[in-house]
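Peer 1: Here's a structure for you.
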Amino acid sequence: MHCGMCLPTCPTYAETGRERHSPRGRIALMRAIADGELEVSKSFGEEMYYCLGCLACTSACPAGVNYAELFETARIEVERQGVLDSPKRDFIRWFALRFIFTRPRLLRFVGRLIWLWQVSGLQSFARRTGLIKLIPGRLGELEPQTPVIRRRFSHELIAPVEPARGAKRYRVAVLTGCVQDLIFSEINRATVDVLVENGCEVFTPPVQPCCGSLHAHNGDVVAARDLARRQLDLIDPAQVDAIISNAGGCGSHLRHYDHLLADDPVYAERAKMWSRKLKDVHEWLVEIGFRKPKAPSERSTFNAQRLTLNEQSAGGAEVSTSALNVQRSALSVHDKAAPTALTYHESCHLCHGQKVSGPPREILRALPGFELRECAEATWCCGSAGIYNITQPETAARLQQRKTTHLQATGASVVATANPGCHLQIENGLKQNGDHATVVLHPVVLLARAYAAERTT
Ligand code: SF4
């Protein structure tokens, strides 16, 4: 088709203006290889890893080209032919994809070690004394963006089975993720809170493997298939009404287990049922007609907002005292019923990968005391894109700045987003812009707190 409707939506094309960095250009390269006119080369490999995998092009394509499958197949072929191989790259891929991110208990152990490094004061000592500069290369450059590891992981916050509050209407399973479990376990807790509040009995296996999206997006389809089988062994889709994901990136991959295991004689049927029942948490809440939080009296509305702040500092999220004071004083203004302004960044894999765009907004608009302000380019990639901000730092930083500028232009004091990578990327972008007051929160955290506020009034 080559109509080019995708070009204006493609962040790497927008940043460079080069056809090869566009969906149309990348597909032309893939076709030339498929037709035997071109070899899989190092520059082709680099091109496939310069693509964000944000799938904005798939939303724009009038012909319904399944770029997601093309892009993943291309990366699998790049890895199969080894055109980017080097001892350092091979070791990092093996260590991350095959050693750490396939062993959930080991991942938690590593998380605990980083948490100890952070809470023991060693990290701030190393930063103050400059010792931190001893960390070599890219790892040293990334150190300032190290996420805050939570004191408690999901299995310490959530019981394996939690009953519905009131009449049980559904039985659902919740996926806690791997990165999300270590750095945003309170989001998993809030996810269970809003589900039990809406008549769901919730099953949350305490130890869950990675969903495999990291592996599939980086050409390791063998590990991705193995992790999918482990998920299907852990959660039998026949035993639940829905399988709930609260992370846009994971959800997009989890939704396609049917495709990933289509040729697996043992798991294909179960994978089909899994993909039918896999729901993003916002999509599921809207589907079951979630209960709108009561708009408590103005006073208690203020309590709800104050709750957001207080729990922020209590829940292990590290918000500086100055930021809290700024917000509290801002909120005292709100005591006079001015709603708190919030805006929403759409994670690429939630809006483009899973086509879930309306439900998060429906939930945000139902929050008492908050006003949703749309930001420009809400669906434009923030530059996180899995590990893109590690592998392509320059382009990722430009996209981060572009996103942060649009978010700050709304004047919102809360940014809502539903993906751990975007959450971190935006938090770091705001800090780099000197903004320590704006808070980044998952929509289900805001909804859980609105429900909790009802119980305090
Ligand atoms: S996935 Fe994103 S970066 Fe890649 S070609 Fe499509 S729009 Fe461009």
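Read in my numbering, the sequence shown has 269 at position 286, and its numbers run on one by one without any break.
From the three backbone atoms N, C-alpha and C, an ideal C-beta is built for every residue, glycine too.
None of these values were measured; they are calculated from a predicted model.
1. Could you check what DSSP says for S228 in three-state terms: helix, strand or coil?
2. Given that a residue counts as buried once 16 or more other Cβ atoms are within 10 Å of its Cβ, and exposed if not, what is R1?
3. Would you mind giving the Cβ-Cβ distance between N372 and A361, rounded to the nearest angstrom? I have them listed as a contact below 8 Å.
4. Any heavy atom of the ligand SF4 within a distance shorter than 7 Å of the CB on R9?
5. Between L382 and I409, is the Cβ-Cβ spacing less than 8 Å?
6. Can you look up D418 in the DSSP assignment and give me helix, strand or coil?
7. For the structure I just gave you, are there three or more beta carbon pairs, one from the stretch 49 to 63 and one from the stretch -3 to 16, closer than 8 Å?
8. Is the stretch 138 to 153 close to the stretch 172 to 184, with three or more CB pairs under 8 Å?
9. With 16 other CB atoms within 10 Å as the buried threshold, where does G113 fall?
10. Can the beta-carbon of C364 be found closer than 8 Å to that of L35?
11. Sorted by chain position, which residues of the same chain lie with C-beta nearer than 7 Å to S168's C-beta, five sequence neighbours on each side aside?
12. So what does DSSP say about G0, is it helix, strand or coil?
13. What is the rounded straight-line gap between the Cα of C40 and the Cα of R438?
14. Using a threshold of 7 Å, is the CB atom of P376 nearer than that to any non-hydrogen atom of the ligand SF4?
15. Apply the 10 Å Cβ neighbour rule to R152 and answer buried if 16 or more other Cβ atoms are within range, or exposed otherwise.
16. Taking the straight line between their C-alpha atoms, what separation do you get for H406 and I346?
17. How would you label P189, buried or exposed, when you count the other beta carbons within 10 angstroms and need 16 or more for buried?
18. So H265 and V179 are supposed to be a Cβ contact under 8 Å. How far apart are they, rounded?
19. Would you call the stretch 74 to 87 and the stretch 6 to 25 touching, i.e. three or more CB-CB distances under 8 Å?
20. Between A433 and R348, what straight-line distance do the alpha-carbon atoms span, to the nearest angstrom?
21. Cutting at 6 Å between CB atoms, please list the residues of its own chain near E62, excluding the five before and the five after it.
22. Compare the beta carbon distance of C194 and Q214 with 8 Å and say whether it is the shorter of the two.
23. Give me, in chain order, the residues of the same chain whose beta-carbon lies closer than 7 Å to that of E124; leave out the 5 immediate sequence neighbours on both sides.
24. Could you tell me the distance, in whole angstroms, from the CA atom of A(-3) to the CA atom of P45?
Peer 2: By the coordinates alone:
1. For the purposes of this step, residue 228 is identified with residue 245 of the sequence shown, where counting begins at 1. Here DSSP, grouped into helix, strand and coil, assigns S228 to strand.
2. The residue given as residue 1 occupies position 18 in the sequence shown. When all chains shown are included, R1 counts as exposed.
3. As a position in the sequence shown, residue 372 is number 389, starting the count at 1. As a position in the sequence shown, residue 361 is number 378, starting the count at 1. Not confirmed; about 19 Å, so no contact.
4. As a position in the sequence shown, residue 9 is number 26, starting the count at 1. Within the cutoff, so yes.
5. Locating residue 382 in the sequence shown gives position 399, where the first residue counts as 1. Locating residue 409 in the sequence shown gives position 426, where the first residue counts as 1. No.
6. As a first step, residue 418 must be located in the sequence shown, where it is residue number 435. It is coil, neither helix nor strand.
7. yes
8. yes
9. Taking the sequence shown and counting its residues from 1, the one referred to as residue 113 is at position 130. G113 is exposed by the Cβ-count criterion.
10. Here residue 364 refers to the residue found at position 381 of the sequence shown. Here residue 35 refers to the residue found at position 52 of the sequence shown. Their beta carbons are under 8 Å apart, which means C364 touches L35 by this criterion.
11. As a working note, residue 168 is residue 185 in the sequence shown. Excluding positions up to five away in sequence, the list reads R133, R135, F136, S137 and L140.
12. As a first step, residue 0 is located in the sequence shown; it is residue number 17 there, counting from the start. Three-state DSSP puts G0 in coil, outside helix and strand.
13. Here the question's residue 40 lines up with position 57 in the sequence shown. Here the question's residue 438 lines up with position 455 in the sequence shown. Roughly 45 Å between the two C-alpha positions.
14. If you number the sequence shown from 1, residue 376 lands on position 393. P376: no, Cβ never under 7 Å from the ligand SF4.
15. In the sequence shown, counting from the first residue as 1, residue 152 sits at position 169. R152 should be labelled exposed.
16. Translated into positions along the sequence shown, residue 406 becomes position 423. Translated into positions along the sequence shown, residue 346 becomes position 363. For H406 and I346, the distance between alpha carbons rounds to 18 Å.
17. Taking the first residue of the sequence shown as 1, we reach residue 189 at position 206. The residue in question, P189, is exposed, as its Cβ has fewer than 16 Cβ neighbours within 10 Å.
18. Residue 265 sits at position 282 when you count from the first residue of the sequence shown. Residue 179 sits at position 196 when you count from the first residue of the sequence shown. Actually they do not touch by this definition, with Cβ atoms about 16 Å apart.
19. no
20. In the sequence shown, residue 433 corresponds to position 450, counting from 1. In the sequence shown, residue 348 corresponds to position 365, counting from 1. Each residue's alpha carbon lies about 12 Å from the other.
21. Taking the sequence shown and counting its residues from 1, one reaches residue 62 at position 79. So the list reads G202, once near-sequence residues are dropped.
22. Your numbering for residue 194 matches position 211 in the sequence shown. Your numbering for residue 214 matches position 231 in the sequence shown. Between C194 and Q214, the C-beta spacing is below 8 Å.
23. In the sequence shown, residue 124 corresponds to position 141, counting from 1. Excluding residues within five positions, none has a Cβ falling inside 7 Å.
24. Your numbering for residue -3 matches position 14 in the sequence shown. Your numbering for residue 45 matches position 62 in the sequence shown. Near 20 Å, if we compare the C-alpha coordinates of P45 and A(-3).
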